[in-house]
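Student:
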Amino acid sequence: MSISVAMSRITEPQINSASPSSGRKFNLPRQKEKVVVVMGATGTGKSRLSIDLATLFAAEIINSDKMQVYQGLDIVTNKITKEEQRGVPHHLLATHNPNSEFTATDFCESASLAIQSIRSRDQLPIIVGGSNSYIEALIDDDDYKFRSRYDLCCLWVDVSMPVLHTYVGERVDEMLENGMVNEVRAFFNPKGDYSRGIRKAIGVPEFDEYFRKEWLIGDEERRERLVREAVRQVKENTCKLARRQLGKIQRLRNVKRWKIHRIDATPVFRKRGEEADEAWKKMVADPSAMIVAKFLYNFSTPNVGGGGLRLSSSALQSAIATVTC
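One point on numbering: in my numbering, the residue at position 224 of the sequence shown is 242, and numbering is uninterrupted.
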């Protein structure tokens with residue numbers, strides 16, 4: 019199973035576009051424009067998958083993480099770096115004042131404008147983030163008429179909770195090594211409001227006690243104990259967040275009956291290094307690309323352009339068989 023990319027990224031076919039190899043014309047109805055959503059609990063690799071898809075298809079990304087929309091605290095909020103973005107345009111990422119309040123209504127209005135802007139450039143909008151309440155508001159609120167305007171493809175990157183909890187702990191330790199404490203210290207305010215703006219982010223209120231006491235405690239060991247306790251709380255609260263996010267996705271799928279393609283990434287997170295990268299491609303990136311290709315092109319064996327996206331029917335069926343639809 020392989021996916022190759024031509025010099026330029028793949029764009030959606032036009033109505034009655036012809037296949038270069040066969041000369042056949044495909045009558046592709048385009049009553050609605052298309053949008054892809056990548057969801058999942060924190061730490062499951064949503065941003066990575068969105069970049070994989072955006073570098074294959076002609077796409078731009080809309081961030082739907084309610085903390086990553088704010089400027090600052092890049093380590094704590096785990097923002098994707100410029101290098102990791104690989105040149106893919108991002109919207110609503112580090113765009114708002116960290117002391118302001120960015121509500122679900124603000125997100126719906128901003129995301130709607132971003133979708134229209136992206137579509138005006140004939141690009142595919144990919145919405146990605148863990149704030150499922152924001153995504154639900156955008157898609158199901160009648161005020162925004164999303165479902166009457168767009169066809170939707172939802173991908174859910176899922177990792178079993180015990181495996182994800184282990185990974186979350188490792189990620190917090192890595193954040194600590196990368197300077198999380200000093201980053202949060204710059205935002206510390208004894209009179210700060212932890213119910214507003216970026217100070218709501220996990221990793222900020224947990225260090226409040228440490229920052230209040232660190233200059234009053236002369237004993238280095240006691241200061242280290244305060245740091246360890248703050249880190250423990252960060253890990254615990256992040257795991258709680260992951261469980262809440264999972265519950266919301268399951269509600270959207272099982273109660274509201276959203277059609278969501280589940281991609282099980284658990285085996286990937288049990289591996290390390292090159293083995294993990296190979297497993298990601300085989301078990302997450304390739305199956306997701308094939309689902310999106312089928313969604314965009316409306317036929318089972320897309321063959322677009324000379325050397326563009328080439329997916330055999332057997333490869334497509336094999337990949338989709340690994341996905342719980």
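Here a beta-carbon is modelled for each residue, glycine too, at the ideal position from N, C-alpha and C.
Please say whether residue 153 and residue 164 have beta carbons closer to each other than 8 Å?
Tutor: no
Student: On the CB-based measure, 16 or more other CB atoms within 10 Å of its CB, does residue 131 come out buried or exposed?
Tutor: exposed
Student: Identify every run of the alpha helix (DSSP H) within the segment 218 to 244, keeping only runs that are complete inside it and at least 4 residues long; order them along the chain.
Tutor: 226 to 231
Student: Would you call the segment 96 to 106 and the segment 134 to 143 in contact, with 3 or more CB pairs under 8 Å?
Tutor: The segment 96 to 106 and the segment 134 to 143 do not touch, with fewer than 3 CB-CB distances between them shorter than 8 Å.
Student: Roughly how many angstroms lie between the CA atoms of residue 91 and residue 272, to the nearest whole one?
Tutor: 35 Å
Student: Helix, strand or coil, according to DSSP, for residue 51 in the structure here?
Tutor: Looking at residue 51 - three-state DSSP - the assignment turns out to be strand.
Student: When burial is assigned at 16 or more other CB atoms within 10 Å of the CB, is residue 342 buried or exposed?
Tutor: Unreliable positioning characterises residue 342 in this predicted model, as indicated by a pLDDT of 42, which lies under 50. A coordinate reading is not provided.
Student: Would DSSP call residue 267 helix, strand or coil?
Tutor: Helix, per DSSP.
Student: Does DSSP put residue 140 in a helix, a strand or coil?
Tutor: In this structure, residue 140 counts as coil in the three-state DSSP scheme.
Student: Residue 250: buried (16+ other C-beta within 10 angstroms of its C-beta) or exposed?
Tutor: Taking a 10 Å sphere around the C-beta of residue 250, we find fewer than 16 other C-beta atoms and assign the residue as exposed.
Student: Near residue 286, what residues of its chain come up, given a Cβ to Cβ distance below 7 Å and the 5 sequence neighbours on each side ignored?
Tutor: 294, 297, 298, 301, 302
Student: Closest to residue 223 by CA distance: which of 51, 207, 282, 74 is it?
Tutor: 207
Student: Round the Cβ separation of residue 72 and residue 79 to the nearest angstrom and send it over; I've been treating them as touching at under 8 Å.
Tutor: 6 Å
Student: From 185, 161, 267, 228, pick the residue whose C-alpha is nearest to that of residue 55; which is it?
Tutor: 267
Student: Between which two residues does the alpha helix (DSSP H) carrying residue 186 extend?
Tutor: 179 to 195
Student: Between 106, 107, 124, 112, which has its C-alpha nearest residue 97's C-alpha?
Tutor: 112
Student: What are the residues that DSSP puts in a beta bridge with residue 98?
Tutor: Paired residues: none, contrary to the question.
Student: Going along the chain, which residues of its own chain have a beta-carbon closer than 7 Å to the beta-carbon of residue 174, five neighbours each way excluded?
Tutor: Here the set comprises 57, 58, 267, 278, 279, 280, 281.
Student: Is it the case that the Cβ atoms of residue 62 and residue 176 are separated by a distance below 8 Å?
Tutor: yes
Student: Is residue 56 helix, strand or coil by DSSP?
Tutor: strand
Student: Tell me whether residue 134 is buried or exposed, calling it buried when 16 or more other Cβ atoms sit within 10 Å of its Cβ.
Tutor: Answer is exposed; the Cβ neighbour count stays below 16.
Student: Could you check what DSSP says for residue 280 in three-state terms: helix, strand or coil?
Tutor: strand
Student: When burial is assigned at 16 or more other CB atoms within 10 Å of the CB, is residue 123 buried or exposed?
Tutor: exposed
Student: Taking the continuous beta strand (DSSP E) assigned at residue 173, which residues delimit it?
Tutor: 168 to 176
Student: What do you get for residue 95, buried or exposed, if any count of 16 or more other CB atoms within 10 angstroms of its CB means buried?
Tutor: buried
Student: Specify the secondary structure class of residue 212 as computed by DSSP and reduced to three states.
Tutor: coil
Student: Based on the DSSP secondary-structure assignment, which residues constitute the bridge partners of residue 88?
Tutor: 114
Student: Could you check what DSSP says for residue 22 in three-state terms: helix, strand or coil?
Tutor: Low confidence applies to residue 22: its pLDDT is 39, below 50, so where it sits in the model is not reliable, and the reading given next is rough at best. When secondary structure is reduced to three states using DSSP, residue 22 falls in the coil class, being assigned neither helix nor strand.
Student: Helix, strand or coil for residue 80, going by three-state DSSP, please let me know.
Tutor: strand
Student: Pick out whichever of 169, 288, 184, 209 has its Cα sitting closest to the Cα of residue 313.
Tutor: 169
Student: Let me check one thing: in DSSP terms, what residues is residue 145 bridge-paired to?
Tutor: 55, 80
Student: In terms of residues, what are the limits of the alpha helix (DSSP H) holding residue 64?
Tutor: The continuous alpha helix (DSSP H) containing residue 64 extends over residues 64 to 74.
Student: How is the alpha helix (DSSP H) around residue 198 delimited, first residue to last?
Tutor: 198 to 203
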